[in-house]
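Colleague:
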Amino acid sequence: MTEHNPMIFEKVEVQPAYQLVASNIEKCIMQGVYKVGQQLPSELDLARQLGVNRSTVREAIRVLEQNGLVFRKSARRLVISLPREQDLASRVSQAMILHEITFLELWETMLPLEVRAAELAATRATEEEIERLEANLRETADCLEHEQKLVALDIEFHLLVAKASRNRALLLAREPIGLLFYPAFYQVMSRLNAKDRLLSAHREVVDGIRNRDAKHAAQWMEKHIRDFRRGYELADLDMNKPVDNSRYFE
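Heads up, the sequence shown stops at 250 in the UniProt record's numbering, and the numbers go up one at a time, no gaps.
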């Protein structure tokens with residue numbers, strides 16, 4: 001009598017054809033076979049090359065469009081595109097919400113990113129970028145009694161500093177965290193009067209950037225982000241709870 005071994009193999013997951021087609025096209029894009037701005041072959045040509053029907057190709061193209069890798073310039077023209085920062089950030093932020101990332105984890109990650117952004121901005125910011133930061137300061141000073149506008153200006157300020165760093169990797173890394181981190185300022189503002197401290201810190205950071213003093217800009221950005229944590233705790237908000245995502249959906 002033949003003795004059978006216990007089952008040791010896992011079931012094979014068969015991917016739908018449209019996912020395989022999407023992966024195939026994505027691989028060509030990532031390997032540089034097709035460059036940004038170039039046109040993809042038509043749906044009919046792709047179907048012939050890949051040995052599938054047009055409906056499968058159409059479904060695959062939909063996936064690539066959702067990922068920001070292609071867009072339709074016309075009914076028949078598919079063009080390679082760069083994924084937009086806000087789309088990438090939104091997907092990562094959604095993942096953080098689903099993984100129940102805590103505010104403490106966000107803060108621990110945001111601190112070095114913002115400090116480094118300020119430091120780099122002090123050596124790389126253009127005159128135009130410095131003018132935008134100064135305009136943000138003026139507007140902030142005029143809006144200290146308008147909480148919603150103040151928070152929007154705070155978010156804008158930190159984004160302007162990050163852009164002035166001229167480091168695209170840093171900008172892409174901080175964007176999804178910022179989507180969840182800075183809206184929490186609403187909760188702090190509603191409990192504490194930290195508006196003057198915020199404006200003072202922003203002014204010091206801009207002074208450092210304007211004077212090309214990287215150490216000053218970085219030190220004041222670090223003080224500012226640490227102060228934000230103190231405000232969060234003084235407002236009796238739990239750093240170890242999953243981040244409040246209510247503002248994300250507004």
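Where a beta carbon is used, it is the ideal one built from N, C-alpha and C, also for glycine.
Computed from a prediction, not measured in an experiment: that's the story for all the values here.
Could you check which residue in Leu-40, Val-57, Lys-35 has the C-alpha nearest to that of Gln-19?
Modeller: One-based indexing of the sequence shown puts residue 19 at position 19. Closest by alpha carbon: Val-57.
Colleague: Measuring alpha carbon to alpha carbon, tell me which residue in Val-12, Lys-27, Val-161 is nearest Gln-221.
Modeller: By one-based count along the sequence shown, residue 221 stands at place 221. The amino acid at residue 221 is misidentified as Gln; the sequence shows Met. If we check each option's Cα against that of Met-221, Val-161 comes out closest.
Colleague: Nearest by alpha-carbon distance to Gln-148: which of Arg-212, Ile-130, Gly-32, Gln-187 is it?
Modeller: Here residue 148 corresponds to residue number 148 of the sequence shown, with the count starting at 1. Comparing Cα-Cα distances from Gln-148 to each of Arg-212, Ile-130, Gly-32, Gln-187, the minimum goes to Gln-187.
Colleague: Rounding to the nearest angstrom, what Cα-Cα distance links Ile-61 and Arg-84 in this structure?
Modeller: Residue 61 sits at position 61 when you count from the first residue of the sequence shown. Residue 84 sits at position 84 when you count from the first residue of the sequence shown. Taking the straight line from one Cα to the other gives about 17 angstroms.
Colleague: Less than 8 angstroms between C-beta atoms, sequence neighbours within five positions excluded: which residues of the same chain meet that for His-216?
Modeller: Residue numbering aside, residue 216 sits at position 216 when the sequence shown is read from its first letter. Cβ within range, chain order: Ala-122, Glu-204, Asp-207, Gly-208.
Colleague: Count the other CB atoms, across all protein chains shown, that sit within 10 Å of the CB of Leu-153; report buried if there are 16 or more and exposed otherwise.
Modeller: Position 153 of the sequence shown, counted from the start, is the residue given in the question as residue 153. Its Cβ being crowded by 16 or more others within 10 Å, Leu-153 is buried.
Colleague: Are Leu-44 and Ile-25 touching if we call contact CB-CB under 9 angstroms?
Modeller: Residue 44 sits at position 44 when you count from the first residue of the sequence shown. Residue 25 sits at position 25 when you count from the first residue of the sequence shown. Contact flag unset, no.
Colleague: For Val-52, which of Met-30, Pro-16, Leu-64, Arg-72 has the nearest alpha-carbon?
Modeller: The residue given as residue 52 occupies position 52 in the sequence shown. Val-52 has its Cα closest to that of Pro-16, out of Met-30, Pro-16, Leu-64, Arg-72.
Colleague: Confirm, please, whether the CB-CB distance from Phe-103 to Asn-240 is below 9 angstroms.
Modeller: Translated into the one-based positions of the sequence shown, residue 240 becomes position 240. Translated into the one-based positions of the sequence shown, residue 103 becomes position 103. Taking 9 angstroms as the Cβ cut-off, Asn-240 and Phe-103 qualify as a contacting pair.
Colleague: Out of Ala-194, Gly-178, Glu-233, which has the shortest C-alpha to C-alpha gap to Ser-93?
Modeller: Counting from 1 along the sequence shown, the entry for residue 93 is found at position 93. When only C-alpha atoms are compared, the closest one is Gly-178.
Colleague: Would you mind sorting Ala-218 into buried or exposed? The rule is 16 or more other CB atoms within 10 Å of its CB.
Modeller: Position 218 of the sequence shown holds residue 218. Ala-218 should be labelled buried.
Colleague: Using a threshold of 9 angstroms, state whether the C-beta atoms of residue 253 and Gly-37 are closer than that.
Modeller: What is shown of the chain runs 1 to 250, which leaves residue 253 out entirely.
Colleague: Hey, how far is the Cα of Tyr-34 from the Cα of Ala-173?
Modeller: Within the sequence shown, residue 34 is the residue found at index 34, counting from 1. Within the sequence shown, residue 173 is the residue found at index 173, counting from 1. Cα to Cα, the separation comes out at about 26 angstroms.
Colleague: When the Cα of Asp-244 is compared with those of Glu-139, Val-151, Ile-97, Glu-131, which residue comes out closest?
Modeller: Residue mapping note: residue 244 aligns to position 244 of the sequence shown, counting from 1. Checking every option, the nearest Cα to that of Asp-244 belongs to Ile-97.
Colleague: Indicate the three-state DSSP secondary structure (helix, strand or coil) for Val-79 in the structure shown.
Modeller: Position 79 of the sequence shown holds residue 79. Strand at Val-79.
Colleague: In the DSSP assignment, the beta strand (DSSP E) including Val-151 goes from what residue to what residue?
Modeller: For this step, residue 151 is matched to residue 151 along the sequence shown. Per DSSP, Val-151 belongs to no beta strand (DSSP E); it is in the alpha helix (DSSP H), 147-164.
Colleague: Please name the residue in Ser-90, Leu-113, Asp-213 whose C-alpha comes closest to that of Ala-169.
Modeller: Indexing the sequence shown from 1 puts residue 169 at position 169. Of Ser-90, Leu-113, Asp-213, the residue nearest in Cα terms is Leu-113.
Colleague: With a CB to CB cut of under 6 angstroms and the five nearest residues on each side skipped, what residues in its chain are close to Pro-176?
Modeller: Mapped onto the sequence shown, residue 176 falls at position 176. Closer than 6 angstroms at the Cβ level, and outside the excluded window around Pro-176, lie Ala-89, Val-92, Ser-93.
Colleague: Going by C-alpha distance, which of Leu-111, Lys-27, Ser-200, Ala-194 is nearest Ile-225?
Modeller: Translated into positions along the sequence shown, residue 225 becomes position 225. Comparing Cα-Cα distances from Ile-225 to each of Leu-111, Lys-27, Ser-200, Ala-194, the minimum goes to Leu-111.
Colleague: By a C-beta neighbour count over all protein chains shown, 10 Å radius and 16 as the cutoff for buried, is Gly-32 buried or exposed?
Modeller: Residue mapping note: residue 32 aligns to position 32 of the sequence shown, counting from 1. The residue in question, Gly-32, is exposed, as its Cβ has fewer than 16 Cβ neighbours within 10 Å.
Colleague: Who are the near neighbours of Arg-166 in its chain, counting only those whose CB is closer than 6 angstroms to its CB and skipping five residues on each side?
Modeller: As a working mapping, residue 166 is identified with position 166 in the sequence shown. Counting only Cβ-Cβ distances below 6 angstroms, and skipping sequence neighbours, we find Arg-124.
Colleague: For a quick check, are the C-beta atoms of Ala-184 and Leu-144 less than 9 angstroms apart?
Modeller: For this step, residue 184 is matched to residue 184 along the sequence shown. For this step, residue 144 is matched to residue 144 along the sequence shown. No.
Colleague: I need the straight-line Cα distance from Ala-214 to Pro-242, nearest angstrom please.
Modeller: Position 214 of the sequence shown, counted from the first residue, corresponds to residue 214. Position 242 of the sequence shown, counted from the first residue, corresponds to residue 242. When rounded, the distance between both Cα atoms is 34 angstroms.
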